[in-house]
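Have a look at the structure below, then the notes.
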Amino acid sequence: EQEFLKKQPFGFYSIESNNDHIMHYTGLPNKEIFNIIFSNCDKVLDKYYEEWNVTCLDRKDQLLVTLMKLKLNHTHTDLGVRFQVSEGTITNVFLTWLYCLHEVLYNCLMAIVPTQVKNELCLPSCFMNFRNCRMVIDCTDFCVQRPKKMSHQRLFYSSYKHRHTMKALIGVAPNGVITYTSEMYPGSTSDKELFKNCNVNNVFQPGDLVVADKGFLISDVVPDGVAVNIPPFLSASQFTPIQITSTKKIYR
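In this text, residue positions in the sequence shown follow our numbering: the first is 47, and each later residue adds one.
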């Protein structure tokens, strides 16, 4: 069976020895990382989305299909031709492994936000003056198709991005690791409103510092004892030397 799989025109076995190919098709750096993700997902994958098992495609190729769809956005027709299976099989595979990846890489890894103490264990030198930083927050937008209803068009239209979007709040530890993500909200939602409505406030403890962009005027909504640091607003013709120095220390 392994020999047959290796003779397939395209599949994981045809790219596993080339890290550049793995990066191109999956976004992963090498086969070792691919295999780690595969082994963890394979343990929990017990049923398929469409409730019928896929036996015509090797399990590693099923993960490859999913990662290729996520990274390159190939159509299901394209993927079906590449892997010599039907579009229905590609759909079943993609949705199955998508939920599996969400369970393994999101629900399990994001269940607990690292404490301030844990953050200090891997604190970058540029944060040494802000050792109590628990999280750096910002919102990110994803373009969506324009809704048919006018009311929905207004709701999802982002005046900042000048297009229809959905947005989420992303929290990052000082060392750059994503430690929190919110649910998705319509693009017209302000940063402050999104911050108030998601549950990120439940994470913070007295003594924590939250670093954010100008749109997050949240000092009045964070828990008592939690500090917020945002860039200064230009209230005069130019920033003062103290404001410039303070901003550079945090956002360099």
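For each residue, glycine too, the CB sits at the ideal point set by N, CA and C.
One thing to note: Asn-178 has its Cβ no nearer than 7 Å to the Cβ of Gly-126. Contact between Leu-147 and Cys-87 is confirmed by a C-beta separation of about 6 Å, below the 8 Å threshold.
With contact defined as three or more Cβ pairs closer than 8 Å, the segment 152 to 170 and the segment 182 to 190 are not in contact.
Comparing C-alpha distances from Leu-201 to each of Ile-224, Thr-235 and Thr-227 shows the shortest one belongs to Thr-235. Following the DSSP letters along the chain, one finds Asp-187 inside the beta strand (DSSP E) bounded by residues 179 to 189.
Annotated three-state conformation of Tyr-226 is strand, per DSSP. Distance from Gly-233 to His-198 at the Cβ level is roughly 11 Å; contact not present, criterion being Cβ atoms closer than 8 Å. Under the three-state reduction of DSSP, Thr-101 is assigned to coil, being neither helix nor strand. With respect to the C-alpha of Val-246, the residue from Tyr-71, Glu-229 and Lys-260 having the closest C-alpha is Glu-229. Phe-176 is a Cβ neighbour of Leu-255, given a cutoff of 7 Å.
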